[in-house]
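Just below is one structure, and these are the notes that go with it.
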Amino acid sequence: MVTGTVPQGDCALFSFSSFALSNVLAQNSFITCVFCLPSSRMIDVQTKMAGRALELLCLPEGQPCYLLDIGCGSGLSGDYLSDEGHYWVGIDISPAMLDAALDRDTEGDLLLGDMGQGIPFKPGTFDGCISISAVQWLCNANKKSDIPAKRLYCFFSSLYSVLVRGARAVLQLYPENSEQLELITIQATKAGFTGGVVVDFPNSAKAKKFYLCLFSGPSTFLPKALTETADEEEATESAFTSERIQRRMARRGVVRKSREWVLEKKERRRRQGKEVRPDTQYTGRKRKPRF
Numbered sequence: 173m174v175t176g177t178v179p180q181g182d183c184a185l186f187s188f189s190s191f192a193l194s195n196v197l198a199q200n201s202f203i204t205c206v207f208c209l210p211s212s213r214m215i216d217v218q219t220k221m222a223g224r225a226l227e228l229l230c231l232p233e234g235q236p237c238y239l240l241d242i243g244c245g246s247g248l249s250g251d252y253l254s255d256e257g258h259y260w261v262g263i264d265i266s267p268a269m270l271d272a273a274l275d276r277d278t279e280g281d282l283l284l285g286d287m288g289q290g291i292p293f294k295p296g297t298f299d300g301c302i303s304i305s306a307v308q309w310l311c312n313a314n315k316k317s318d319i320p321a322k323r324l325y326c327f328f329s330s331l332y333s334v335l336v337r338g339a340r341a342v343l344q345l346y347p348e349n350s351e352q353l354e355l356i357t358i359q360a361t362k363a364g365f366t367g368g369v370v371v372d373f374p375n376s377a378k379a380k381k382f383y384l385c386l387f388s389g390p391s392t393f394l395p396k397a398l399t400e401t402a403d404e405e406e407a408t409e410s411a412f413t414s415e416r417i418q419r420r421m422a423r424r425g426v427v428r429k430s431r432e433w434v435l436e437k438k439e440r441r442r443r444q445g446k447e448v449r450p451d452t453q454y455t456g457r458k459r460k461p462r463f
């Protein structure tokens with residue numbers, strides 16, 4: 173049985189036996205050497221995901237930027253940002269992970285904080301934001317007072333504030349299911365973000381990665397996802413927008429189960445970030461009875 177904290181930034185490569193996740197997250201005073209001394213494979217995976225997140229930020233070439241690393245952990249992703257010539261600030265909920273980052277002499281500034289309580293910086297501070305394997309933890313209620321939807325909204329609304337207008341945030345995450353991903357994207361939309369989810373290697377069970385790409389300005393096209401056969405397969409992307417539609421006006425005069433009703437429902441699910449089959453001439457057409 174292993175005792176330890178689950179870092180917001182660095183991935184852990186073992187299970188916690190019968191430990192409840194809430195108990196594991198609550199024990200911030202204990203940490204195993206596995207977290208403090210990450211393996212070479214963990215460093216390689218973390219560095220690759222940080223590189224992909226930085227690529228999706230679409231920052232101007234040759235220009236150093238001031239970036240925020242949410243769930244920075246021991247500073248592995250921050251080291252990549254430093255190697256690329258950027259300045260960064262990392263925030264993490266685990267004191268032990270931040271101590272490990274200090275022991276590694278990371279170049280970025282470090283801050284102890286709970287992202288579910290908001291990002292404590294002035295508006296327009298950062299040129300961009302990355303996060304590796306952290307945001308999904310906000311979907312867990314570790315105590316009775318924790319309401320995942322409220323914590324997510326507090327996080328996204330404060331993140332929207334600290335970014336300069338037009339900046340991007342790329343959050344790599346591991347959602348448990350489609351409902352959890354929907355909860356995250358809905359709260360991001362409520363906070364004012366546009367954007368969507370980019371899924372790299374969608375047909376691979378081990379290499380599949382989710383990147384939530386958020387825009388703090390006008391909606392734009394999502395970057396293409398990585399695939400094992402990029403020339404043959406199309407990128408798997410789902411987009412959502414913060415634009416709201418007056419549902420009462422939209423539904424006025426629309427017959428339930430009609431083609432218009434089905435198209436409206438499918439469009440609403442696309443805005444929520446769900447995977448929806450494309451519209452065809454058969455969309456909304458009633459099926460003939462079999463018997």
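Using my numbering, read the sequence shown as starting at 173 and increasing by one per residue. Beta carbons are placed, not taken as given, at the ideal position from N, Cα and C, and that holds for glycine. Since the structure is predicted, the reported quantities are computational estimates derived from the model, not experimental observations.
**Prompt:** What residue range is occupied by the uninterrupted beta strand (DSSP E) comprising leucine 228?
**Reply:** Stepping through the sequence shown from its first residue, residue 228 is reached at position 56. Judged by DSSP secondary structure, leucine 228 falls outside any beta strand (DSSP E) and instead within the alpha helix (DSSP H) spanning 212–229.
**Message:** Measuring straight from C-alpha to C-alpha, what distance separates aspartate 451 and glutamate 354?
**Reply:** Start at 1 with the first residue of the sequence shown, and residue 451 comes out as number 279. Start at 1 with the first residue of the sequence shown, and residue 354 comes out as number 182. Going by C-alpha positions, aspartate 451 is about 21 Å away from glutamate 354.
**Request:** Apply the 10 Å Cβ neighbour rule to tyrosine 454 and answer buried if 16 or more other Cβ atoms are within range, or exposed otherwise.
**Result:** If you number the sequence shown from 1, residue 454 lands on position 282. By the Cβ-count criterion, tyrosine 454 is exposed, with fewer than 16 other Cβ atoms from all chains shown falling within 10 Å of its own Cβ.
**Prompt:** Hey, would you say glutamine 308 sits closer than 9 Å to isoleucine 263, going by beta carbons?
**Reply:** Walking along the sequence shown from the start, residue 308 turns up at place 136. Walking along the sequence shown from the start, residue 263 turns up at place 91. Contact annotation: glutamine 308 and isoleucine 263 have beta-carbon atoms that are not nearer than 9 Å.
**Prompt:** What's the call for glycine 243, buried or exposed, on a 16-neighbour Cβ count within 10 Å?
**Reply:** Counted from its first residue, the sequence shown places residue 243 at position 71. Buried, by the Cβ-count rule.
**Asked** In angstroms, rounded to a whole number, what distance separates the CA positions of methionine 221 and glutamine 344?
**Response** For the purposes of this step, residue 221 is identified with residue 49 of the sequence shown, where counting begins at 1. For the purposes of this step, residue 344 is identified with residue 172 of the sequence shown, where counting begins at 1. Each residue's Cα considered, the two are about 8 Å apart.
**Message:** Just to check my reading of the structure: methionine 287 and phenylalanine 327 have Cβ atoms closer than 8 Å, yes? What is that Cβ distance to the nearest angstrom?
**Reply:** Counting from 1 along the sequence shown, the entry for residue 287 is found at position 115. Counting from 1 along the sequence shown, the entry for residue 327 is found at position 155. Indeed, because the Cβ distance is near 5 Å, the residues count as touching under 8 Å.
**Request:** Return the chain-ordered list of same chain residues with a C-beta closer than 7 Å to the C-beta of phenylalanine 293, the five sequence neighbours on each side being excluded.
**Result:** Within the sequence shown, the letter at position 121 stands for residue 293. Excluding positions up to five away in sequence, the list reads Val334.
**Message:** Below 8 Å, how does it come out for the stretch 316–324 and the stretch 249–266: are there three or more Cβ pairs, yes or no?
**Reply:** They do not touch, by the three-pair rule.
**Asked** Would you say aspartate 451 touches the ligand GTP, meaning its beta carbon is less than 8 Å from a heavy atom?
**Response** What this structure holds is no ligand at all, so the ligand GTP is not there to describe.
**Item:** alanine 341: first and last residue of the uninterrupted beta strand (DSSP E) it sits in
**Value:** By 1-based counting over the sequence shown, the position of residue 341 is 169. First-last of the beta strand (DSSP E) with alanine 341: 335–345.
**Request:** Kindly indicate which three-state DSSP category lysine 378 falls into: helix, strand or coil?
**Result:** In the sequence shown, the residue the question calls residue 378 occupies position 206. The answer is coil: DSSP assigns lysine 378 none of H, G, I, E or B.
**Message:** Taking its Cβ as the centre, do 16 or more other Cβ atoms sit within 10 Å of lysine 429, making it buried, or is it exposed?
**Reply:** Numbered from 1 along the sequence shown, position 257 holds the residue referred to as residue 429. Its Cβ having fewer than 16 others within 10 Å, lysine 429 is exposed.
**Prompt:** Hey, how far is the Cα of glycine 456 from the Cα of isoleucine 291?
**Reply:** As a position in the sequence shown, residue 456 is number 284, starting the count at 1. As a position in the sequence shown, residue 291 is number 119, starting the count at 1. Linking glycine 456 to isoleucine 291 through their CA atoms gives a straight-line distance of about 45 Å.
**Message:** For a quick check, are the C-beta atoms of leucine 284 and isoleucine 302 less than 9 Å apart?
**Reply:** In the sequence shown, the residue the question calls residue 284 occupies position 112. In the sequence shown, the residue the question calls residue 302 occupies position 130. For leucine 284 and isoleucine 302, no; Cβs fall outside 9 Å.
**Item:** Spatial neighbours of valine 448 in its chain, beta-carbon cut-off 7 Å, leaving aside the 5 residues before and after
**Value:** Reading the sequence shown from its first residue, position 276 is the one you call residue 448. These residues qualify, in order along the chain: Lys438, Arg441 and Arg442.
**Request:** Whole angstroms is fine: what's the gap from alanine 341's alpha carbon to isoleucine 358's?
**Result:** The count along the sequence shown starts at 1 and reaches residue 341 at position 169. The count along the sequence shown starts at 1 and reaches residue 358 at position 186. Roughly 16 Å between the two C-alpha positions.
**Asked** What span of residues does the beta strand (DSSP E) with aspartate 286 cover, start to end?
**Response** The count along the sequence shown starts at 1 and reaches residue 286 at position 114. Here aspartate 286 belongs to no beta strand (DSSP E), and DSSP marks it neither H nor E.
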